[in-house]
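*Asks:* With mature numbering (1 follows the signal peptide of the UniProt record, and there is no 0) as the guide, the letters of the sequence shown map in order to residues -19 to -1, 1 to 299.
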Amino acid sequence: MFLIILATLLAATSPVVLAQSPSPACNTTLLRLATDRYVATQSTGSLSYLFDFPPLSPSSSSPSSSFITLKENGRNLTLSPSSSSAFLNSSSLLTTPLRIDHRHSIYDSIQCASFTSLVSTSPSYPAVIGAQLWLDPSTHRISLLDRIATTTGDWAFNATGTLYYSLRENWGPIPPAQQDSRETIKAAGDAYLDIFKSATVQVPWGTPCARLEGGAYTGRGTPNDTCNLGVIQSYDMPNRRYVIDESVGVVSLLLEFGSIGNAPDSHLFRVEGGRLRFIHTMTYCETKPNCGFTLPGGMGGGTVGKRTWRRRWRLNGQ
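Right, dumping it as structure tokens:
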């Protein structure tokens, strides 16, 4: 508002200066390096990759991080270089070495954060994990890992299905002239979640649009594919945390899914031309399997806590 008023007052004597986008808190190269460290930690089970992360400047005397906050599936932990695997294994998958079959990362230089989804189809420990990684903007050290870690028994879990469909979608860069603003991308994700509370919310549905929930998929590969499959209303979706990458039109939201007891949840949205194109979700269930619900066979018709299921779901390409 101040910029608008100021521009109006000065219009007679000087050109109007357009408002600029927020300045980056850190560069993408730094975020990529930090995110690579996180992936190395998950694939090896060694926390040293997180704490040995170098400062932004090689000449900096800033010491390595002493503590990192880990939020995983609703639990809060404090990590230090001396944290034991035995201690963490009871509360987190972070120190469980996983074979990584697929990785997808986005980078938010404005907030100095990234989001990474990891898929492991290992028979010994299948997992699908979504993590927001946050750097301290002043020291550029890893300060927070905020994760939803799912495995057998979590909502509609099927790591093989997740991998199969993820590899068939295009989440690549969007040409600069066609990129949506941060506000547009965020609003699209919020609108989708807000419709669980009120049917009057206008969601920018795209056509086609495909949704991957656990290992179940709505897409049929047709121009008329839709994500508008109906939801159960009157539920809040609180405690939303956002990471946004305009270059790929993606917003990550970690939240509490109200319709199934505020279960820890990750929603990842791809927005193209202001409309939803892809939606990926993962939900951790304290009560297994499937948070105490009986899902319809093959994700067929029926009503459960999260949405009204229709016969549009596919499992492993079937």
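All residues carry an ideal CB built from backbone N, CA and C; glycine is no exception.
Mark L48 as exposed unless 16 or more other C-beta atoms lie within 10 angstroms of its C-beta, in which case mark it buried.
*Replies:* Numbered from 1 along the sequence shown, position 67 holds the residue referred to as residue 48. Residue identity differs from the one stated: residue 48 is Phe in this sequence, not Leu. Exposed is the call here.
*Asks:* Counting only the same chain and skipping the five closest in sequence on each side, list residues whose C-beta sits under 6 Å from that of V184.
*Replies:* Numbered from 1 along the sequence shown, position 203 holds the residue referred to as residue 184. Correct list, in chain order: A172, Y173 and I176.
*Asks:* Just checking my contact of T132 with A108 at CB under 8 Å: how many whole Å lie between their CB atoms?
*Replies:* Taking the sequence shown and counting its residues from 1, the one referred to as residue 132 is at position 151. Taking the sequence shown and counting its residues from 1, the one referred to as residue 108 is at position 127. The pair is a contact, with the Cβ atoms about 5 Å apart (cut-off 8 Å).
*Asks:* Let me know the beta strand (DSSP E) ranges lying completely inside the region 155 to 199, each 3 residues or longer, listed in chain order.
*Replies:* Counting whole runs of 3 or more residues, the region 155 to 199 contains the beta strand (DSSP E) stretches 186 to 194.
*Asks:* So with Cβ pairs under 8 Å, would you call P62 a contact of chain B?
*Replies:* No chain B appears in this structure, which consists of one protein chain only.
*Asks:* Which stretch, first to last residue, makes up the beta strand (DSSP E) that contains T131?
*Replies:* Position 150 of the sequence shown, counted from the start, is the residue given in the question as residue 131. It spans I123 to T131 - the beta strand (DSSP E) in which T131 sits, taken as one unbroken run.
*Asks:* DSSP three-state call for A21: helix, strand or coil?
*Replies:* As a working note, residue 21 is residue 40 in the sequence shown. Helix.
*Asks:* Roughly how many angstroms separate the alpha carbons of L276 and T262, rounded to a whole number?
*Replies:* Taking the sequence shown and counting its residues from 1, one reaches residue 276 at position 295. Taking the sequence shown and counting its residues from 1, one reaches residue 262 at position 281. Rounded to whole angstroms, L276 to T262 spans 16 Å at the Cα level.
*Asks:* Who are the Cβ neighbours of C266 in its own chain at under 7 Å, not counting the five residues just before and after it?
*Replies:* Locating residue 266 in the sequence shown gives position 285, where the first residue counts as 1. Only G134, D135, W136, A244 and C272 meet the Cβ criterion.
*Asks:* Does DSSP put N70 in a helix, a strand or coil?
*Replies:* As a working note, residue 70 is residue 89 in the sequence shown. Correct three-state label for N70: helix.
*Asks:* State buried or exposed for S42, treating a residue as buried only when at least 16 other CB atoms are found within 10 Å of its CB.
*Replies:* Numbered from its first residue, the sequence shown carries residue 42 at position 61. Residue placement at S42 is poorly supported in this model, since its pLDDT is 49, which falls under 50; the coordinates are not used for a value here.
*Asks:* Report yes if the CB atom of S215 is closer than 8 Å to the CB atom of K178, and no otherwise.
*Replies:* Indexing the sequence shown from 1 puts residue 215 at position 234. Indexing the sequence shown from 1 puts residue 178 at position 197. Yes, Cβ-Cβ distance for S215 and K178 is below 8 Å.
*Asks:* Give the DSSP-derived three-state secondary structure of S29 in the structure shown.
*Replies:* Taking the first residue of the sequence shown as 1, we reach residue 29 at position 48. Three-state result, S29: helix.
*Asks:* For R221, collect the residues of the same chain with a Cβ closer than 6 Å to its Cβ; drop the 5 residues on either side in sequence, then sort them by chain order.
*Replies:* Taking the sequence shown and counting its residues from 1, the one referred to as residue 221 is at position 240. Hits under 6 Å: L234 and L236.
*Asks:* Does the contact criterion of 3 or more C-beta pairs under 8 Å hold for the region 51 to 62 versus the region 78 to 97?
*Replies:* Touching, no.
*Asks:* Is the separation between the beta-carbon of R13 and that of L31 shorter than 8 Å?
*Replies:* Numbered from its first residue, the sequence shown carries residue 13 at position 32. Numbered from its first residue, the sequence shown carries residue 31 at position 50. No, the Cβ-Cβ distance between R13 and L31 is not below 8 Å.
*Asks:* Among F259, V229, I155 and R122, whose alpha-carbon lies nearest the alpha-carbon of T199?
*Replies:* On the sequence shown, residue 199 is found 218 positions in, with the first residue counted as 1. Ranking F259, V229, I155 and R122 by Cα distance to T199 puts F259 first.
*Asks:* Locate the alpha helix (DSSP H) running through L144, then write down its first and last residues.
*Replies:* By 1-based counting over the sequence shown, the position of residue 144 is 163. Run containing L144: A140 to S147, per the alpha helix (DSSP H) assignment.
*Asks:* Apply the 10 Å Cβ neighbour rule to N205 and answer buried if 16 or more other Cβ atoms are within range, or exposed otherwise.
*Replies:* To locate residue 205, count along the sequence shown from 1; it is residue 224. Its Cβ having fewer than 16 others within 10 Å, N205 is exposed.
*Asks:* Pick out whichever of L99, L11, Y223 and S240 has its Cα sitting closest to the Cα of S147.
*Replies:* Within the sequence shown, numbered from 1, the residue matching residue 147 stands at position 166. It is L99.
*Asks:* Here's the rule: buried if 16 or more other CB atoms are within 10 angstroms of the residue's CB, otherwise exposed. What is G230?
*Replies:* As a working note, residue 230 is residue 249 in the sequence shown. Buried, because 16 or more other Cβ atoms sit within 10 Å of the Cβ of G230.
*Asks:* Please report the distance separating the alpha-carbon of N151 from that of E227.
*Replies:* As a working note, residue 151 is residue 170 in the sequence shown. As a working note, residue 227 is residue 246 in the sequence shown. Spanning the two alpha carbons is a distance of roughly 15 Å.
*Asks:* In its own chain, which residues sit with a C-beta less than 6 Å from the C-beta of D117, not counting the 5 before and 5 after it?
*Replies:* Here residue 117 is taken as the residue at index 136 of the sequence shown, counted from 1. Result list for D117: S124, in chain order.
*Asks:* What did DSSP end up calling A6 once you bin it into helix, strand or coil?
*Replies:* Here residue 6 refers to the residue found at position 25 of the sequence shown. Coil, per DSSP.
*Asks:* Give me the Cβ distance between A130 and N54, rounded to the nearest whole Å; I'm assuming they're in contact under 8 Å.
*Replies:* Your numbering for residue 130 matches position 149 in the sequence shown. Your numbering for residue 54 matches position 73 in the sequence shown. Sure, about 6 Å apart at Cβ, within 8 Å.
*Asks:* According to DSSP, simplified to helix, strand and coil, what is S240?
*Replies:* Position 259 of the sequence shown, counting from 1, holds the residue named residue 240. Reduced to three states, the DSSP call for S240 is helix.
*Asks:* For G111, report the span of its beta strand (DSSP E) as first-last.
*Replies:* Counted from its first residue, the sequence shown places residue 111 at position 130. Element bounds for G111: A108 to L116.
*Asks:* If G196 sits next to F138, beta carbons under 8 Å apart, how far is it from one beta carbon to the other, in whole angstroms?
*Replies:* The residue given as residue 196 occupies position 215 in the sequence shown. The residue given as residue 138 occupies position 157 in the sequence shown. Yes, G196 and F138 are in contact; Cβ-Cβ is about 6 Å, under 8 Å.
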